[in-house]
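Here's the structure we're looking at; comments come further down.
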Amino acid sequence: MTVHHQEGWIFKKEVGITHIIATFSLVISGFIFGFSMDKRIDINATKTNHLEQSFKEFRAEMRGDIKLINSKLDKVLERLLNTRFRSFSRLTSREERDSEDWTTGMAPFLRLAKNDQHDTCRPVMV
Numbered sequence: 081m082t083v084h085h086q087e088g089w090i091f092k093k094e095v096g097i098t099h100i101i102a103t104f105s106l107v108i109s110g111f112i113f114g115f116s117m118d119k120r121i122d123i124n125a126t127k128t129n130h131l132e133q134s135f136k137e138f139r140a141e142m143r144g145d146i147k148l149i150n151s152k153l154d155k156v157l158e159r160l161l162n163t164r165f166r167s168f169s170r171l172t173s174r175e176e177r178d179s180e181d182w183t184t185g186m187a188p189f190l191r192l193a194k195n196d197q198h199d200t201c202r203p204v205m206v
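Using this note's numbering, the first residue of the sequence shown is number 81, and each one after it goes up by one.
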């Protein structure tokens, strides 16, 4: 009773029809996957370009709106300051100019001018 042990791997030189079909289907599915990825990449690139363009337009619009708001705010503050300075120039005596009422009325504008010296963008009203 002898027992035969085979050592190592055994390779057959025959190729079955199932192996050919499986290999062919893997190659075709790889090509299909590659082409579908290419289409998806193109679609995403188009969407990204569209979003970038929309963002640039939105940003330009917001800058224009901010400039408009700043110009309107400047006009309003200029009118208020001109009104206060006109009423101040109408005062005749030095005591009236240095009175507590005038400085209290000008406090919001004086603080605004102080903030403008420090390059801040928002007015501070008392």
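For each residue, glycine too, the CB sits at the ideal point set by N, CA and C.
* To do: Kindly list the residues whose CB is nearer than 8 Å to the CB of Thr172, restricted to its own chain and excluding five residues on each side of it in sequence; keep chain order.
  => Summary for Thr172: the model assigns pLDDT 49, below 50, so the residue's position carries little reliability; its value from the coordinates is reported in the next sentence. Within its own chain, no residue has a Cβ closer than 8 Å to the Cβ of Thr172 once the five positions on either side in sequence are excluded.
* Going along the chain, which residues of its own chain have a beta-carbon closer than 7 Å to the beta-carbon of Asp122, five neighbours each way excluded? -> Nothing listed; no residue qualifies.
* To do: Assign Glu137 to one of three DSSP states: helix, strand, or coil.
  => Annotated three-state conformation of Glu137 is helix, per DSSP.
* For chain C, is any of its Cβ atoms less than 8 Å away from the one on Leu106? -> Any reference to chain C falls outside this structure, which holds one protein chain only.
* To do: Let me know the secondary structure DSSP gives Ile146 once reduced to three states.
  => Helix at Ile146.
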